[in-house]
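Structure first, then comments.
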Amino acid sequence: MLKKVLSGIALSVLIAGSAAPSAGAVTLMAWGKHIAKEGNGTPGSTACMECHRLNGGGMPSIGAPRIAGQPRRYIAREIREVQAGKRYGPVMSGVVQNLSKRDIQAVALYYSRVHAPKLRDVGKPDPSLVSKGRRIATRGLWAKNIPACVQCHGPGGYGVPPLFPYIAGQNRTYLLRQLMAYAFLKRQDDPQGLMRGIARRLTPEERKAVAEYFSSLQPPDRDVP
Amino acid sequence: MTVRLTFLGAFIVAAMLLSSVDRAWSGPVEVMQGTEIFTPPPDSEIPAGPFGDLVRKGEKIFTQTGRFARKYVGAENKMTCESCHLDRGRKPYSAPLWGAYVMYPRYRSKNHMVNKLDERIQGCFRFSMNGTAPPVTSDTVKALIAYSFWMSRGAPVGVRLKGQGLVKLPPPARTPSLFRGKKVYAARCALCHGAHGQGRTSHGGQVFPPVWGNGSYNKGAGLYKIAKLAGFIKMNMPLSKGDSLTDQESWDVAAYIDSQPRPADPRKLARR
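Sequence order for the protein chains is A and B.
Numbered per the working numbering, the first sequence spans residues 1 to 225.
Numbered per the working numbering, the second sequence spans residues 226 to 497.
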């Protein structure tokens, strides 16, 4: 109850405008959490936690990604690209359309700071695909000019802030869907078309193999800037 | 008639002999083997036993130089051999080891001497890695030579293979411009190499190498020559998108990068 009243006060301060810029970070964080939990209050807004959970662990069963601990700039950027239609996501686009610039900053800050354990994926990993995926991930397929995935996504697939997301420990349904989306141009927001080029040069089986491999790893647990 | 033909035949044979002698004197021949590029043997064929161990050790030094050959790498240097010789020294046009092994000993204008491969490797430690030359008898050099030897298995000796060395771009149409180069850098390179050329790290490890500053190659290095750097960039950068910049963009961005601060040439320091 007290919590509710308090967040209500924080809210009215926010709505009143740029009341206390020095306390900005704290209120931004609180507002981000509020959006995650209940949406931003505009008609049709949905709470992020319905699909990404409050702790950002995601929902493997529907292929909703884990976003806990992704770089703040990356999260904000992806939401803006969904709004702009450069990233085709029928589910997400309905949800984030009415988020303001500040809402996006807030919710990106919140999710970049939360921690979530790895969730069980649907189904069991296929060991032969995992080992094939590991090879591509750590060695690349240079005959097709594909560098090792970890050269851009960091050792262990832990990401390289601010614009290279972590992919280790992400659910496999989501990973495979993204690789397809890049390959078939439904996702066109990647800087310089780097991921589109790579995903297009992978065969369907290779895409599956790397998705299996990275989903078999543990996600990073850390605070990213 | 027959006599004349025989004469002609003898003349042709003599001319061929002469020209091959001539070529032998003027150094190796460029062999363009169609579109075929030499393929090094797969890792799975590295034999068990001491030779295979040395090859594997060479690869570790090559890809994690700061860890496995620490004492020869400059204190602040953040590069590995693979930073410039991509795909563990295999990628064509990034001075691959298979293209190098078969071309030494060779005359180099850098020091006006005929250099052996081990001396060439020492040079990359001293200049590209801003460190010190490992002795030719050191395990470090032996392992790197074994690794290069292994990778060249089946390659013809003394022949300039396609994909060897770096690409040599034709002279730029316009004088390279730092102003245009800076724009190319911001649009196509800063994502990975950072706005200040510092590279990027993840969890404490270097992921993208620095292209200038204390952690990068020094002013004695091959890439400190704009023509070499432009050729390297043209075929290899942005990573996975080689051959996507125009020649002019490659010259411009190379001029910009080499205009930035980096460690001094150790040969000039020594002279002072």
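Even glycine gets a Cβ: it sits at the ideal position worked out from N, Cα and C.
If you're wondering where the values come from, they're calculated on a predicted model, not measured in any experiment.
task: Check the DSSP bridge columns for residue 430 of chain B and list the partner residues they point to.
output: B/427
- prompt: Under a Cβ-count criterion, where at least 16 other Cβ atoms within 10 Å of its own Cβ denotes burial, should residue 310 of chain B be classed as buried or exposed?
  reply: buried
query: Hey, would you say residue 477 of chain B sits closer than 7 Å to residue 413 of chain B, going by beta carbons?
result: no
message: Please identify the residue among B/430, B/463, B/471 whose C-alpha is closest to the C-alpha of residue 291 of chain B.
response: B/430
message: Could you tell me the alpha carbon to alpha carbon distance between residue 43 of chain A and residue 220 of chain A, rounded to whole angstroms?
response: 36 Å
task: Taking only beta carbons into account, state which residues of the stretch 156 to 186 of chain A come closer than 7 Å to chain E, listed in chain order.
output: Here chain E cannot be found, since the structure's protein chains are A and B.
query: Can you list, in chain order, the residues of its chain whose CB lies under 6 Å from that of residue 28 of chain A, leaving out five sequence neighbours each side?
result: 106, 109
- prompt: Would a check of beta-carbon distances place residue 501 of chain B closer than 7 Å to chain A?
  reply: In the structure as shown, chain B begins at 226 and stops at 497. Residue 501 of chain B is therefore absent and cannot be evaluated.
task: Report all residues from its chain with a CB closer than 6 Å to the CB of residue 134 of chain A; omit the five preceding and five following residues, and keep chain order.
output: 213
- request: Please determine if the stretch 367 to 383 of chain B and the stretch 459 to 469 of chain B are in contact, where contact requires at least 3 C-beta pairs separated by less than 8 Å.
  value: no
message: Which residues does DSSP list as the beta-bridge partners of residue 164 of chain A?
response: A/160
- prompt: In chain order, what residues of the stretch 193 to 215 of chain A put their CB closer than 7 Å to some CB of chain B?
  reply: 194, 197, 198
- prompt: Can you check whether the CB of residue 488 of chain B is closer than 7 Å to the CB of residue 355 of chain B?
  reply: yes
message: Per DSSP, what are the beta-bridge partners of residue 68 of chain A in this structure?
response: Residue 68 of chain A is not bridged to any residue.
task: Note down, in chain order, every chain B residue with its Cβ under 8 Å from the Cβ of residue 140 of chain A.
output: 312
field: Cβ-based neighbour list, residue 209 of chain A, same chain, cut-off 8 Å, excluding 5 preceding and 5 following
entry: 129, 130, 132, 133, 136
message: Suppose only complete runs of 4+ residues qualify. What are the alpha helix (DSSP H) ranges in the stretch 107 to 182 of chain A, listed by chain order?
response: 127 to 139, 149 to 153
query: Buried or exposed: which applies to residue 203 of chain A, given that a residue is buried once 16 or more other Cβ atoms fall within 10 Å of its Cβ?
result: exposed
field: Neighbour list for residue 147 of chain A in chain B, Cβ cutoff strictly below 7 Å
entry: 464, 465
- prompt: Within 7 Å (strictly less), CB to CB, does residue 219 of chain A reach chain B?
  reply: no
task: Indicate the three-state DSSP secondary structure (helix, strand or coil) for residue 338 of chain B in the structure shown.
output: strand
message: What ranges does the alpha helix (DSSP H) occupy inside the stretch 299 to 380 of chain B, keeping only unbroken runs of at least 4 residues that lie completely in it?
response: 311 to 314, 322 to 326, 342 to 348, 364 to 376
message: Is there a C-beta anywhere in chain B that falls below 7 Å from the one on residue 191 of chain A?
response: yes
- prompt: Taking any Cβ of chain B, which residues in the stretch 33 to 64 of chain A have a Cβ under 9 Å from it, in chain order?
  reply: none
- prompt: Is DSSP giving residue 462 of chain B helix, strand or coil here?
  reply: coil
Nonlocal neighbours in the same chain, by C-beta distance under 6 Å from residue 361 of chain B, ignoring five residues either side: 343
message: Do residue 392 of chain B and residue 460 of chain B have their beta-carbon atoms positioned less than 7 Å apart in this structure?
response: yes
message: Output needed for residue 447 of chain B: all residues of its chain with C-beta closer than 6 Å, excluding positions within five of it in sequence on either side, in chain order.
response: 453
message: Taking contact to mean 3 or more Cβ pairs, one atom from each stretch, closer than 8 Å, check whether the stretch 98 to 105 of chain A and the stretch 55 to 66 of chain A are in contact.
response: no
message: Within 7 Å of any Cβ in chain A, is that where the Cβ of residue 308 of chain B sits?
response: no
- prompt: What does a CB cutoff of less than 7 Å around residue 324 of chain B pick up in its chain, not counting 5 residues either side in sequence?
  reply: 386, 388, 389, 390
- request: Please go through the same chain and pick out, in chain order, the residues whose beta-carbon is closer than 7 Å to the beta-carbon of residue 483 of chain B, but skip the five residues on each side of it.
  value: 449, 451, 454
field: Beta carbon proximity, residue 285 of chain B to chain A, threshold 7 Å
entry: no
- prompt: Is the CB-CB distance between residue 421 of chain B and residue 436 of chain B below 7 Å?
  reply: no
field: Inter-residue Cα distance where the pair is residue 307 of chain B and residue 346 of chain B
entry: 13 Å
- request: Whole angstroms is fine: what's the gap from residue 124 of chain A's alpha carbon to residue 468 of chain B's?
  value: 41 Å
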